[in-house]
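Working notes, structure below.
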Amino acid sequence: MQRLQVLKQDFFSLNTTQHLIIGSAVAAGGLLAYLVHKRRQIKSIPLGEGWWGAGDKPLSEDDKIYPFQVQTSDQEIEDLHERIDKTRYTDPLEDSCFQYGFNSTYLKKVVHYWRNQFDWKKQVAVLNKYPHFKTKIEGLDVHFIHVRPPHREGQRVLPLMLVHGWPGSFYEFYRILPLLTETQDGLAFEVICPSIPGYGFSEAPHKQGFDSLAAARVFLTLMERLGFSQFYLQGGDWGSLITTNMAQMKPQYEDQTKCLHKHVSAWISQSEISPQIKIRCHKTISFAWD
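Residues 163 to 452, numbered by our numbering, are exactly what the sequence shown covers, in order.
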């Protein structure tokens, strides 16, 4: 009490400018605390339900998980080569580089490499480096890779889902998987990388209206089907919205979704993000190569 009285006397002994500085600091601190508190309040959204398969929803759905392997054939590659050979190019604007889209002069170099040098069968072997699976969820064949760390005595394994964006695919995580699944300081990750429906090897929706909420619900079902009630999430681009929706659908995941990390290349402010945004659902396969 005596110390409080001393502080009070010290405060009143300050001049007006010093009072303003202290008052501004207190106000700024209070505002910051309020904003942090508001940001921590996750807006919950209903889990909902859906059916995106062709035709009517059946009475039951096969919930088994099946191994999947990436394949190609000589006929498929020949067909691709024929399509590439028929490419029509337009001349780029002079001195435009890439300011107006992909420069067609450089595109010719890429297509030439793609047509004459790129080894598709070698790339298929690269893609099959990790275990692939498919499972039926809400009428769609959902593709994912599931990479478990080598067993080590006394290690702690944490499940982690990585969700890609557009344009992208599960393949963008391949180079980091060895780092994540390697045991360090007794800790390693068990990684699940799904393909958003309509991307990679996941079946595209047959119904209108598939959005980030539907994708979030599908991936929650996937994690539950794999036996995980607690897991970590990381998402980029569309994946950032999907993983956010996953946390919003399960507010109790404060104990279950241990960590949510998201990043976007270009996006609007967090306050402007609608919890429901339509996802591009055309079939997209995007693979990088060395």
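Every residue, glycine too, gets a C-beta built ideally from N, C-alpha and C.
The structure displayed is predicted, hence computed values, not measured ones.
With DSSP run on the structure shown, which of helix, strand or coil describes residue i?
i, result
"residue 382", "helix"
"residue 368", "coil"
"residue 375", "helix"
"residue 228", "strand"
"residue 332", "helix"
"residue 401", "helix"
"residue 356", "strand"
"residue 396", "strand"
"residue 261", "coil"
"residue 341", "helix"
Using a Cβ-Cβ cut-off of 7 angstroms (strictly less than) and excluding sequence neighbours within five positions of residue i, which residues of its own chain qualify?
i, result
"residue 313", "none"
"residue 259", "265"
Residues in the same chain with beta-carbon distance under 6 angstroms from residue i, minus the five sequence neighbours each way, listed in chain order, please.
i, result
"residue 407", "374, 375 and 378"
"residue 296", "228, 230, 303 and 305"
"residue 298", "223 and 224"
"residue 293", "308"
"residue 169", "In this predicted model, residue 169 has a pLDDT of only 47, less than 50, meaning its place in the structure is not dependable enough to derive any value."
"residue 286", "232 and 234"
How would you label residue i, buried or exposed, when you count the other beta carbons within 10 angstroms and need 16 or more for buried?
i, result
"residue 392", "exposed"
"residue 309", "buried"
"residue 252", "exposed"
"residue 240", "exposed"
"residue 316", "exposed"
"residue 311", "buried"
"residue 405", "buried"
"residue 300", "buried"
"residue 238", "exposed"
For my contact list, residue i and residue j are in at a C-beta cut-off of 8 angstroms; report their separation, rounded to the angstrom.
i, j, result
"residue 353", "residue 322", "5 angstroms"
"residue 351", "residue 388", "About 14 angstroms; that fails the 8 angstroms criterion."
"residue 289", "residue 333", "7 angstroms"
Among the residues of its own chain, which have a CB less than 8 angstroms from the CB of residue i, if the five just before and after it don't count?
i, result
"residue 249", "273"
Counting only runs of 3+ residues fully inside the segment 265-327, write out the beta strand (DSSP E) ranges in chain order.
294-299, 302-309 and 318-325
What runs of the beta strand (DSSP E), each 3 residues or longer, lie entirely inside the segment 206-251?
227-230
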